[in-house]
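Q: So that we are looking at the same thing, I have put the structure below in structure tokens.
There are 2 protein chains.
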Amino acid sequence: MPDAGSQHPDAYSDTERQIFDAALQEFARKGRDGARMQAIADAADINKAMLHYYFRSKERLYDEVFAFSMRRFMAAFGESLGAAPTFRETLRVFIDGYVDFIRDNRAVMQLMVSENLAGGSALGRHLRRMQEAEHALPPRVLVERIEAAVDAGEIRPVDPHHTVLSVISTCLFFFVTEPTVRVIHPAARADWSEFVDARKEHLFDLIYHGLARP
Amino acid sequence: MPDAGSQHPDAYSDTERQIFDAALQEFARKGRDGARMQAIADAADINKAMLHYYFRSKERLYDEVFAFSMRRFMAAFGESLGAAPTFRETLRVFIDGYVDFIRDNRAVMQLMVSENLAGGSALGRHLRRMQEAEHALPPRVLVERIEAAVDAGEIRPVDPHHTVLSVISTCLFFFVTEPTVRVIHPAARADWSEFVDARKEHLFDLIYHGLARP
DNA sequence: TCGCATGTCAACCATTTGGTTAAAACAAAA
DNA sequence: TTTTGTTTTAACCAAATGGTTGACATGCGA
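Same order as they appear, the protein sequences are chains A and B.
Okay, so the first sequence: first residue is 325 according to this note's numbering, each after it adds one.
Okay, so the second sequence: first residue is 325 according to this note's numbering, each after it adds one.
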């Protein structure tokens, strides 16, 4: 499973990478405030002082991890969207690529969710900055594909914004609640990876039929 | 908006209720570890010592808040599911009721998500206990309705477990990521409540067409 | 070899955090 | 009024937490 776009900022040294990974994991699980610097240091197998040597403070460390993760998360939209002839194929490819991305980068998504739970102040700041810089956010590309498919009469006339939100919801939510899903869903408990693949099928089937012309 | 099932355990005094509410809010936003006892005390407008007078420790407070919230959350499935003649109506009523429940109890859902992010150890414990006691978890009722609708030929032959998970995903996820949605989605920014209602329509439309026979 | 920049660490510090205590209000029965 | 039990509070404490420091290592060009 090769990464599209590296896991860490390019200029990082080995130590910085270790710290970054450990911090991402810890922030993703415990949230900005719940995370413990000592826990990050332990997971990165370095002295706590190193954290402050490389990333001044907890706040700065969080900011760096969050900013990079958000760029990565946003970039995933475009990367998951190949050039397919039909909308049907476009949807299939997107679900496949996007779900794979989350499977390989669960912590990134957890961090995004965690920020939302906490009120999303950092998130709002970064989003607005992105919006100003690029004039529109990445999910836009998906919105446009759906608009085009509607215009071409390939699918029913649906609200593209709502539809995109629904697609993302279904692709992400079962990862968010993975522990619950593992307990409740027999198939997920037995083999998570297989379950994820089955879920791709189901999602495509459900959403495609939900959009297709009668 | 009347509550089906009270917001707090019945036997609570006024002070306990204040504490419970404040704790739920704080735990929902910051997570089990990120939450601060002082912040809960401040929000409940009481002395910090009262927290320990009524709920011994942070751990016990969290357990009590979590256990009650989870029962409430699970009960919402059944409560949102009226007795409708067709599956079409059943789906409509469920989405409507369930989304309303989350709108009125966002913190409860946030707490569930937060637990999942953190690994869901408390969640797993409680779920398993419920499973043993009741032989099946509440989402079961929805699964059964879908199975019945499939058997009756009212909808396409879909996997009911996957379908339920998809319905729940779409009903919950936009609440989970409300801060993000508010920034990205123009309509949500303007009037959230109206957006939620529009979303109910969209979700019903998308999912019903996704399930209906061609 | 020396000097200097970069990394690394144990020990330390100030503040915050969960939690306790002993005394004071308060209320209702005796 | 006295007594008895509950509720509330300010002051306090030990441990944990984010953050600092000064010494020590390591590599490398001069």
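No residue lacks a Cβ here, since even glycine has one placed at the ideal position from N, Cα and C.
As the structure is a computational prediction, the values presented were derived from the model and not from experiment.
For Arg396 of chain B and Gly402 of chain B, what's the separation of their Cα atoms in angstroms?
A: Each residue's alpha carbon lies about 10 Å from the other.
Q: Taking all protein chains shown into account, decide if Gly534 of chain B is buried (16 or more other Cβ within 10 angstroms of its Cβ) or exposed.
A: Result: buried.
Q: For Leu539 of chain B, which residues from the same chain have a beta carbon less than 6 Å from its beta carbon, with the 5 sequence-adjacent residues on both sides left out?
A: Any question about residue 539 of chain B goes unanswered here, given that chain B covers just 325 to 538.
Q: By Cβ distance below 6 Å, which residues in the same chain neighbour Ile470 of chain B in space, the five residues on each side in sequence not counted?
A: Excluding positions up to five away in sequence, the list reads Pro484, Thr487.
Q: In whole angstroms, what is the alpha-carbon distance linking Pro333 of chain B and Phe392 of chain B?
A: In a straight line, the C-alpha of Pro333 of chain B is about 7 Å away from that of Phe392 of chain B.
Q: Could you compute how far the alpha carbon of Lys478 of chain A sits from the alpha carbon of Leu530 of chain B?
A: The question names Lys, yet the displayed sequence has Glu at residue 478 of chain A. C-alpha separation (whole angstroms): 15 Å.
Q: Check for me: the alpha helix (DSSP H) holding Arg396 of chain B runs from which residue to which?
A: Looking at the DSSP string, the run of the alpha helix (DSSP H) that includes Arg396 of chain B is 382-403.
Q: Suppose you measure from the CA of Asn429 of chain B to the CA of Asp357 of chain A; what does that come to, to the nearest Å?
A: For Asn429 of chain B and Asp357 of chain A, the distance between alpha carbons rounds to 23 Å.
Q: Report the rounded CA-to-CA distance for Val500 of chain B versus Asp475 of chain A, giving the unit in angstroms.
A: Cα to Cα, Val500 of chain B sits roughly 31 Å from Asp475 of chain A.
Q: I'd like to know whether the C-beta atoms of Ile364 of chain A and Glu383 of chain A end up nearer to each other than 9 Å.
A: Result no, Cβ atoms of Ile364 of chain A and Glu383 of chain A do not sit closer than 9 Å.
Q: Could you tell me the distance, in whole angstroms, from the CA atom of Ala511 of chain B to the CA atom of Phe519 of chain B?
A: Spanning the two alpha carbons is a distance of roughly 6 Å.
Q: So Phe498 of chain A contacts chain B; which residues on that side make the cut at Cβ distance below 8 Å?
A: By Cβ distance, chain B contributes Leu489, Ser493.
Q: Looking only at its own chain, which residues have a Cβ that is under 7 Å from the Cβ of Ile419 of chain B, when we skip the five neighbours before and after it?
A: Once the five neighbours on either side are set aside, the close Cβ partners of Ile419 of chain B are Cys495, Lys524, Leu527, Phe528.
Q: Which residues, in order along the region 346-366 of chain A, keep a beta-carbon less than 9 Å from a beta-carbon of chain B?
A: Cβ contacts with chain B come from Ala352, Arg353, Lys354, Gly355, Arg356, Asp357, Gly358, Ala359, Arg360.
Q: Check for me: the alpha helix (DSSP H) holding Thr487 of chain A runs from which residue to which?
A: Where Thr487 of chain A is concerned, the enclosing alpha helix (DSSP H) stretches over 484-500.
Q: Let me know if His377 of chain B comes out buried or exposed under the rule of 16 or more other beta-carbons within 10 Å of its beta-carbon.
A: It should be noted that the sequence gives Tyr, not His, for residue 377 of chain B. Tyr377 of chain B should be labelled exposed.
Q: Looking only at its chain, what residues have a beta carbon closer than 8 Å to the beta carbon of Gly329 of chain A, apart from the 5 residues adjacent to it on each side?
A: Summary for Gly329 of chain A: the model assigns pLDDT 48, below 50, so the residue's position carries little reliability; its value from the coordinates is reported in the next sentence. Answer for Gly329 of chain A: Arg396, Ala399, Glu403, listed in chain order.
Q: Looking at the structure shown, is Gly329 of chain A part of a helix, part of a strand, or coil, going by DSSP?
A: Reliability of the predicted coordinates at Gly329 of chain A is poor, the pLDDT of 48 falling under 50, and no value is obtained from them.
Q: Rank B:Ala368, B:Leu447, B:Arg452 by C-alpha distance to the C-alpha of Asp387 of chain B and give the top, closest one.
A: Of the listed residues, the one whose Cα sits closest to Asp387 of chain B is B:Leu447.
Q: Assuming Ala352 of chain A contacts Leu441 of chain B under a Cβ cut-off of 8 Å, what Cβ separation, rounded to an integer in Å, is found between them?
A: Correct: roughly 7 Å between the Cβ atoms.
Q: What does DSSP give as the partner residues of Ala536 of chain A in its beta bridges?
A: Beta-bridge pairing links Ala536 of chain A to A:Ile479.
Q: Check the Cβ-Cβ distances between Asn440 of chain A and every residue of chain B, and say whether any is below 9 Å.
A: Yes, Asn440 of chain A lies at the interface with chain B (some Cβ there is under 9 Å from its Cβ).
Q: Considering Cα atoms alone, identify which of A:Arg360, A:His450, A:Ala536 is closest to Ile508 of chain B.
A: Ranking the options by Cα distance to Ile508 of chain B, first place goes to A:His450.
Q: Interface residues of chain B around Thr410 of chain A at Cβ under 9 Å?
A: Within chain B, no residue comes near Thr410 of chain A; the closest Cβ sits about 18 Å away, beyond 9 Å.
Q: Any heavy atom of the ligand ATP within a distance shorter than 8 Å of the CB on Ile508 of chain A?
A: This structure lacks the ligand ATP; in fact it carries no ligand of any kind.
Q: Below 6 Å CB to CB, which residues in the same chain sit around Arg416 of chain B once its five sequence neighbours on both sides are set aside?
A: Only Phe528 meet the Cβ criterion.
Q: Quick one: list the residues of chain A neighbouring Gly443 of chain B, beta-carbon separation under 8 Å, in chain order.
A: Neighbours of Gly443 of chain B on chain A, chain order: Arg353, Pro503.
Q: Spatial neighbours of Phe390 of chain B within its chain, please: CB distance less than 6 Å, with the 5 preceding and 5 following residues excluded, ordered by chain position.
A: Around Phe390 of chain B: Ala446.
Q: Between the beta-carbon of Phe498 of chain A and the beta-carbon of Ser438 of chain B, is there less than 9 Å?
A: In this structure, Ser438 of chain B does not lie closer than 9 Å to Phe498 of chain A by Cβ.
Q: Look at the alpha carbon of Thr339 of chain B and the alpha carbon of Pro538 of chain A, and state the distance between them as a whole number of angstroms.
A: For Thr339 of chain B and Pro538 of chain A, the distance between alpha carbons rounds to 57 Å.
Q: Could you check if Glu458 of chain A is buried or exposed, using at least 16 other CB atoms within 10 Å of its CB as the buried criterion?
A: Exposed: under 16 other Cβ atoms inside 10 Å.
Q: Can you tell me the Cα-Cα spacing of Ala514 of chain A and Thr504 of chain B, whole angstroms?
A: For Ala514 of chain A and Thr504 of chain B, the distance between alpha carbons rounds to 34 Å.
Q: Quick test of your reading: Val465 of chain A and Leu405 of chain A, contact by CB under 8 Å. State the CB separation rounded to the nearest angstrom.
A: Contact flag correct, Cβ pair sits at about 6 Å.
Q: Residues in the same chain with beta-carbon distance under 6 Å from Asp327 of chain B, minus the five sequence neighbours each way, listed in chain order, please.
A: Low per-residue confidence applies at Asp327 of chain B: pLDDT is 39, beneath 50, and the placement is therefore not dependable, though the value from the model is reported in the following sentence. Excluding positions up to five away in sequence, the list is empty.
Q: Write down the C-beta distance between Ile426 of chain A and Met433 of chain A rounded to the nearest angstrom, noting that I regard them as a contact closer than 8 Å.
A: Between Met433 of chain A and Ile426 of chain A the Cβ distance is about 5 Å, and since that is below 8 Å, they are a contact.
Q: Applying a beta-carbon distance threshold of less than 8 Å, which residues of chain A neighbour Ile531 of chain B?
A: Within chain A, the residues near Ile531 of chain B are Leu530, Gly534.
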